[in-house]
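**Q** Residue numbers (the working numbering), protein chains in the order written: chain A, 1109 to 1287; chain B, 3 to 324.
Each residue gets a CB set at the ideal place from its N, CA and C atoms; glycine is no exception.
Mind having a look at this structure? Questions to follow.
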Amino acid sequence: MARFAMVIDTKKCVGCMDCVVACKTENRVPEGFNRDWITTEARGKFPSVQMEIRSERCNHCDNPPCVHCCPTGASHVHTLGGVVLVHHDLCIGCKACLASCPYDARFIHPEGYADKCTFCIHRVEKGMDPACVSVCPTHCMYFGDLEDPHSPVSRLLMARRYHAIAPEAGTDPQIYYLI
Amino acid sequence: MLTEAKMIELTTTRHNELIDPFLQVWGWEIPVYLFLGGLVAGMMIIAGYFFIKGRDEGHQCICYQIPLLGMALLSLGMFALFLDLEHKAYVWRVYTTFEIKSPMSWGSWILLLVYPALLVNFLLHVPAWIGDRLPFLKHGSQKIQSINNIKRHVGKVNLVLGIMLGTYTGILLSALGARPLWNSAILGILFLVSGLSTASALVHMIARERSESEMLARADNLFLTVELFIIALFFIGLLSSTEVQISSAMLLLTGPYAAVFWVFVILMGIVIPLLIQNLSVSHRIQHTAVAPIMVILGGFILRFVLVQAGQYSHYLNAHFIK
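Written out as structure tokens, the structure reads:
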């Protein structure tokens, strides 16, 4: 069983938003909505400032509250790599999954169903990287299988310090930020 | 203390509708549904109590008026729920599966059981103005009344389904773990007791028998007192938890929702009607509709304020709330 994850090197990310544009183009994300986005976190006051730039998206959690709360089974975990997906024709648009996500990673597509990052499963199934990873000009994003100890993501997490976002929410997020 | 050294500034390029700057996925529809669902649950429990205790002598008993009113109010609530759905044409999908971890799935199936239960309760005594126009209901009524011990059975079913319906409306919110304000299973009990108090208030106003009406006012006083106690427990639970839960409790206690919460939910929805009803049950003042109406409005605003403040509560910007 694979466990897909994304590792993002915050020391290399410049916040250029290429990942955002690539996602919008690849997945035809409707105008006004984002499946991924850039967050800039600044701490302290000039001149003692620390800044972290992060490319954020659905964390494809190992304990996904959006899947547990879904009344129709539309939100589900894909058999490949634990990717969290939505069956559009099962979704009733009740918005429980939007409320259950600590990352606010979901939104309602103008056609009425809940929508979110898919880890570009249509590309991954063909052996390609997700669109955001493949276009990153600083090569700060890595995608792979954490079950495989030799994958780039596994080796990075073994070698470098990292953090996830709000792990205290208990969802076991699978996007890791190298620090 | 938020000192300069600890200052954090978060900037995001995301601005999704209903999500940013803070979650606003549920407007008036969900609080209206939660309120009406709780109200009908309370009414079913009251009707169940009358049948089980055998206090339904004569057809004047309020337990014969509850089912029709209950069905009407519940349908109104479910219509509000339907209005809230974003993918309306697919609503039937909830009945093609049962998702054991999803309170919404539980609720959908509970609602499907509530209607036939209310219908059987209604058939125990079909009012003449309906029976004359729809004679098949009279025949159905006669058949049902011929069943042995039917009233007791109806009472038990009402009681069980009423408790399930009233509790689920609170569990529905508490299961959404990303909203710290809702992270308490006691919401299920709070909504159940609030449903009972609003139902007692409503049924008290429409009861024809004076003895029933007075009994319901007394019961309402008990429910309101218990409700105050449960609200206190709810806050004790949140305030003794982690930073996000403490911040979320502060939204209601001192933050942006405090005025509505203290004035309309606690003071006008519970404390003042409790005082008025205490005086009226001891015959020191006249029974009026003032206290019950305050209780009903308070119950409605409780759902509203909890749904809105809960959506505002958050794991990531907890330090912004204070």
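(1) Within the chosen definition, does the segment 183-200 of chain B reach the segment 1214-1222 of chain A through at least 3 CB pairs nearer than 8 Å?
(2) On the criterion of 16 or more Cβ atoms from any shown chain inside 10 Å, does A:T1226 qualify as buried, or is it exposed?
(3) Less than 9 Å between CB atoms is the rule here; does B:Q310 satisfy it with respect to chain A?
(4) Closer than 8 Å by beta-carbon distance: list the chain B residues that pair up with A:I1287, in chain order.
(5) Name the residue from B:H127, B:P137 and B:G133 whose alpha carbon lies nearest to the alpha carbon of B:I146.
(6) Starting from A:W1145 and walking both ways along the beta strand (DSSP E), at which residues does that stretch end?
(7) Measuring CA to CA, which of B:Y35, B:L71, B:L12 and B:E19 is closest to A:C1151?
(8) For A:F1215 and A:F1141, I'd like the C-alpha separation in whole angstroms.
(9) Output the residue ranges of the beta strand (DSSP E) runs that lie fully inside the segment 1206-1266 of chain A and measure 3 residues or longer, sorted by chain position.
(10) Quick one: grab the DSSP three-state call for B:Y259.
(11) What separation, rounded to the nearest whole angstrom, lies between the Cα atoms of B:E211 and B:S107?
(12) Out of B:P129, B:C65 and B:I232, which one is the CA nearest neighbour of B:G172?
(13) Nearest to A:L1254 by alpha carbon, out of A:V1194, A:Q1282 and A:D1144?
(14) From the DSSP output, in three-state form, read off B:R305 for me.
(15) Rounding to the nearest angstrom, what Cα-Cα distance links A:G1252 and B:L161 in this structure?
(16) Against chain B, with Cβ distances strictly below 9 Å, would A:P1281 count as a contact?
(17) Excluding sequence positions up to five away, which residues of its chain have a Cβ less than 6 Å from the Cβ of A:R1176?
(18) How long is the line joining the alpha carbons of A:A1274 and B:S249, rounded to whole angstroms?
(19) Short check: CB of A:L1206 to CB of B:L308, under 9 Å?
(20) Check the Cβ-Cβ distances between B:Y259 and every residue of chain A, and say whether any is below 9 Å.
(21) Kindly indicate which three-state DSSP category B:T98 falls into: helix, strand or coil?
(22) Quick test of your reading: B:M296 and B:M270, contact by CB under 8 Å. State the CB separation rounded to the nearest angstrom.
(23) Going by alpha carbons, who is nearest to B:M292 out of B:P275, B:L304, B:G301 and B:V283?
(24) Measure the CB-CB distance between B:V122 and B:V93 and report whether it falls below 9 Å.
(25) Can you give me the start and stop residues for the alpha helix (DSSP H) that A:E1276 sits inside?
(26) Would you call the segment 276-286 of chain B and the segment 212-225 of chain B touching, i.e. three or more CB-CB distances under 8 Å?
(27) Near B:M207, which residues of its chain fall below 7 Å by C-beta distance, leaving aside the five closest residues on each side in sequence?
(28) What does the alpha-carbon distance come out to for the pair B:A201 and B:V262?
(29) Can you list the residues of chain B that A:Y1221 reaches, using a CB-CB cut of under 7 Å?
**A** Taking the structure as given:
(1) no
(2) buried
(3) no
(4) Simply none; closest approach about 15 Å.
(5) B:H127
(6) D1144 to K1153
(7) Per the sequence presented here, residue 1151 of chain A reads as Arg, with Cys not at that position. Nearest option by C-alpha distance: B:L12.
(8) 8 Å
(9) 1249-1253
(10) coil
(11) 39 Å
(12) B:I232
(13) A:Q1282
(14) helix
(15) 53 Å
(16) no
(17) A small correction: the amino acid at residue 1176 of chain A is His; Arg does not occupy that position in the sequence shown. None.
(18) 16 Å
(19) no
(20) no
(21) helix
(22) 6 Å
(23) According to the sequence provided, residue 292 of chain B is Val. The question's Met does not apply to it. If we check each option's Cα against that of B:V292, B:P275 comes out closest.
(24) no
(25) Segment: none, A:E1276 is in no alpha helix (DSSP H) and carries neither H nor E.
(26) yes
(27) A291 and P294
(28) 22 Å
(29) H89
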